[in-house]
Amino acid sequence: MQSILDRVPEVLRPASDWLVARCARLPRHTLAWASIGLALILLLSVNLFASSALRNAKADLTQQRLFTISDGTRAMLRSVDEPISLRLYFSKRLGEAASVYGRYFERVRALLQQYSDLSGGRVELAIFDPEPFSDAEDKAVGAGLRGVRLNQDGEVGYFGLVGSNSTDTDATIPFFTTDREAFLEYDLTKLIYTLANPKKRVVGLITSLPLDGGMNPMAMMGGGRQLPPQMIMEQIRDFFDVKTLAQDVKEIPADVDVLMVAQPDKLTPEAAYAIDQYVLGGGKILALVDPVAEMGGRMGPMGMMGGGGPSPEFVKLLKAWGVDFDASKAVGDIANARRVQFGGGARPTVTEYVAWLGLDRRSIDEKDVLSGGIERLNLASAGFLSKAEGATTQVTPILVTSPQAMQIPAEKFSGAPDPVALLRAYKPEGKLLMLAARIAGTANSAYPDGMPKPVPAKAEGDDKAKQDDAKPDAPKPDAAKDAKPEDDKSAPPKDANAKDAKAKDTKSKDTKAKGDNSATAKDAKAKGDNSATAKDAKPKDGKSAAAADGKAKEEKPEGAEAKPHKASGRVNAIVIADTDLLASPTPATRPSSSTRSTTCRARTR
Numbered sequence: 003m004q005s006i007l008d009r010v011p012e013v014l015r016p017a018s019d020w021l022v023a024r025c026a027r028l029p030r031h032t033l034a035w036a037s038i039g040l041a042l043i044l045l046l047s048v049n050l051f052a053s054s055a056l057r058n059a060k061a062d063l064t065q066q067r068l069f070t071i072s073d074g075t076r077a078m079l080r081s082v083d084e085p086i087s088l089r090l091y092f093s094k095r096l097g098e099a100a101s102v103y104g105r106y107f108e109r110v111r112a113l114l115q116q117y118s119d120l121s122g123g124r125v126e127l128a129i130f131d132p133e134p135f136s137d138a139e140d141k142a143v144g145a146g147l148r149g150v151r152l153n154q155d156g157e158v159g160y161f162g163l164v165g166s167n168s169t170d171t172d173a174t175i176p177f178f179t180t181d182r183e184a185f186l187e188y189d190l191t192k193l194i195y196t197l198a199n200p201k202k203r204v205v206g207l208i209t210s211l212p213l214d215g216g217m218n219p220m221a222m223m224g225g226g227r228q229l230p231p232q233m234i235m236e237q238i239r240d241f242f243d244v245k246t247l248a249q250d251v252k253e254i255p256a257d258v259d260v261l262m263v264a265q266p267d268k269l270t271p272e273a274a275y276a277i278d279q280y281v282l283g284g285g286k287i288l289a290l291v292d293p294v295a296e297m298g299g300r301m302g303p304m305g306m307m308g309g310g311g312p313s314p315e316f317v318k319l320l321k322a323w324g325v326d327f328d329a330s331k332a333v334g335d336i337a338n339a340r341r342v343q344f345g346g347g348a349r350p351t352v353t354e355y356v357a358w359l360g361l362d363r364r365s366i367d368e369k370d371v372l373s374g375g376i377e378r379l380n381l382a383s384a385g386f387l388s389k390a391e392g393a394t395t396q397v398t399p400i401l402v403t404s405p406q407a408m409q410i411p412a413e414k415f416s417g418a419p420d421p422v423a424l425l426r427a428y429k430p431e432g433k434l435l436m437l438a439a440r441i442a443g444t445a446n447s448a449y450p451d452g453m454p455k456p457v458p459a460k461a462e463g464d465d466k467a468k469q470d471d472a473k474p475d476a477p478k479p480d481a482a483k484d485a486k487p488e489d490d491k492s493a494p495p496k497d498a499n500a501k502d503a504k505a506k507d508t509k510s511k512d513t514k515a516k517g518d519n520s521a522t523a524k525d526a527k528a529k530g531d532n533s534a535t536a537k538d539a540k541p542k543d544g545k546s547a548a549a550a551d552g553k554a555k556e557e558k559p560e561g562a563e564a565k566p567h568k569a570s571g572r573v574n575a576i577v578i579a580d581t582d583l584l585a586s587p588t589p590a591t592r593p594s595s596s597t598r599s600t601t602c603r604a605r606t607r
């Protein structure tokens, strides 16, 4: 007590002395009650402070993290700039009839309340109990919500969501089914994003992969069907308009907000230049490359489906942006290998497949908005990236291997690889390999001299002439014997040559007689009488001249101006050295190293 009094400032010394003197005269029981009162006042003050200052602070203690919102959803809610009204309809009788819906309703309500708080109140939530024959039921039915029958009397229960924005655009979830509970955050975020962004942004897509489905090459051998669209494309189209571009595109459309380039295998130099200028002009790009695209759908030498690496032109672009990609090497990682079962018969083989990776949080950058919140990510026969020498951009790893990774020649995966043989030959290299990276900063164009000149198309006449030149001058002996007289029709007879010579001689004399000399031609030009000269100036092949003129007009249309070449610009790119993560999460199949029709199923440990 004395030490506390010693630290009291001199100004407060009289007051402290008076307080000590007064307390010394009080009975002990009075001091005890006073202490209890002060403690209650302190506790009340702490509660009041916590209820006001920590109102939005929450902790998710559930094992499945049911009430945790991802960083992407948080960013979307913060970007909402107009009021959005959410009306949650739930029949209490439905919760009484099926308790599972009662618990599900509490989770939906809690998540929507968090959405409202994170949006700063711009997302407003109202809850209604649509009792039979009530206005709430009429509005629920009018909005398109689906009811379920509760009993034999025909009573109907509702559990759905209706959202609307300032332009009276509506979006609904007709009924919250329990089989979609795992995707609850996705469904809610999608609904709010649709209302906050009525006009979808445009994603440009350049790829050689069957992302939108297509013919399965195995169908030609009687072993496959039409490939369905990948699930990721359906999800992308939920939020964006997708514009598919060819690999020989000359210019990226101006309305493309994000360009997605996945394993372009036949990218022309003109298309690569268009991508180069789009990125340097401020465009955002998501690039996916792969040394062994298992989703590529091409046939390997041993019957296994798989694709080769990307176009060299695209690898050239990556280098200009600051990263090197070696299409001849894939990645193995014993620490992140997934366990597989392969081989037929009664005793299938189970082993670690070092080329199929199951990355956990140790390999994923949780701070990046792209990968934040991902707890596990599966890759297949992925490649790796490295920072290019002399790179001027900042390359930040997003996905990495463990230090026990190894570089494996991609050719080992072109047929049907043997997981056991790969495991036996495995030798850790003791360093991390970068699987995905974010690139930001200023970079120079991969084409410093401007648009590359297109390769001239081969004309039919040129090919025919080359074929004629390639023919031997002298026929074979047997061919000479079989030669027919009609082969000599191409050579004019001697009499015809004589007549032509005589006609030329006569024409020459007539020209001299008329005095058609250079001086006369100059006088005619000066007088403006150039009709004869124009006729003489016409080429023998009038069609080719017209075609050339039309071509010139086509190349330079009236009023069109060539866009200036961008020698440098700021790059905003994400590069991932694997394309198989775009595949739908269906059971993966892979033929074994034997010739029998067996499968290799991935099993996450």
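The numbering of the sequence shown is my numbering, which starts it at 3 and goes up by one. Cβ coordinates follow ideal geometry from the N, Cα and C atoms, glycine included.
Under the assumption that residue i contacts residue j (Cβ atoms under 8 Å), give the Cβ distance between them as a whole number of angstroms.
i      : j      : result
Asp267 : Pro231 : Their Cβ separation, rounded to whole angstroms, is 20 Å, which puts Asp267 and Pro231 out of contact at 8 Å.
Asp292 : Asp582 : 7 Å
Thr394 : Gly324 : 7 Å
Leu197 : Ile129 : So it is not a contact: roughly 18 Å between Cβ atoms.
Met453 : Glu272 : 7 Å
Tell me residue i's beta-bridge partners as DSSP assigns them.
i      : result
Phe242 : Arg203
Thr353 : Val342
Ala407 : Asp335
Met453 : Bridge partners of Met453: none, in fact.
Asn574 : Lys286, Ala442
Ile277 : Ile277 is not bridged to any residue.
Glu126 : Ser87
Tyr160 : Gly149
Using 10 angstroms around the beta-carbon of residue i, count the other beta-carbons present and answer buried if the total reaches 16, otherwise exposed.
i      : result
Asp259 : exposed
Pro314 : exposed
Trp35  : exposed
Thr32  : exposed
Gly423 : One detail in the question is off: residue 423 reads as Ala in this sequence, not Gly. By the 10 Å Cβ count, Ala423 comes out exposed.
Ile43  : exposed
Ser37  : exposed
Ser210 : buried
Gly215 : exposed
Phe92  : buried
Pro566 : exposed
Ala256 : exposed
Pro16  : exposed
Met233 : exposed
Asp335 : buried
Asp19  : exposed
Select from the options the residue whose C-alpha is nearest the C-alpha of residue i.
i      : options                        : result
Gln249 : Asp335, Gln265, Ile234         : Gln265
Ala295 : Asp83, Lys568, Arg364, Glu413  : Glu413
Gln608 : Leu213, Lys252, Pro255, Leu247 : Here the chain has residues from 3 to 607 only, and residue 608 is not among them.
Gly144 : Asp155, Pro132, Ser388, Asp580 : Pro132
Phe185 : Asp172, Val110, Met78          : Val110
Leu127 : Leu90, Asn574, Gly360          : Leu90
Glu354 : Phe344, Ile175, Thr70          : Phe344
Ala438 : Gln396, Leu46, Ile576          : Ile576
Glu84  : Leu261, Phe92, Tyr428, Ser118  : Ser118
Tyr449 : Ile175, Leu79, Tyr275          : Tyr275
Leu359 : Met235, Gly162, Arg378         : Arg378
Lys389 : Ser101, Met436, Val102, Tyr428 : Met436
Ile71  : Ala382, Thr191, Leu50          : Thr191
Phe135 : Glu391, Glu157, Met78          : Glu157
Ala407 : Lys568, Gly310, Ala427, Leu247 : Ala427
Kindly indicate which three-state DSSP category residue i falls into: helix, strand or coil?
i      : result
Asp131 : coil
Phe316 : helix
Asn446 : strand
Glu377 : coil
Asp19  : helix
Glu102 : Note that residue 102 is Val in the sequence shown here, rather than Glu. If DSSP states are grouped into helix, strand and coil, Val102 belongs with the helices.
Thr32  : helix
Pro430 : coil
Leu401 : strand
Lys389 : strand
Gln116 : helix
Arg415 : Sequence inspection shows Phe at residue 415; the Arg mentioned does not correspond to that position. It is helical.
Gln396 : strand
Ser586 : coil
Gln265 : coil
May I ask whether a heavy atom of the ligand SAM can be found less than 8 Å away from the beta carbon of residue i?
i      : result
Ala418 : In terms of ligand content, the structure shown is empty, and the ligand SAM therefore cannot be addressed.
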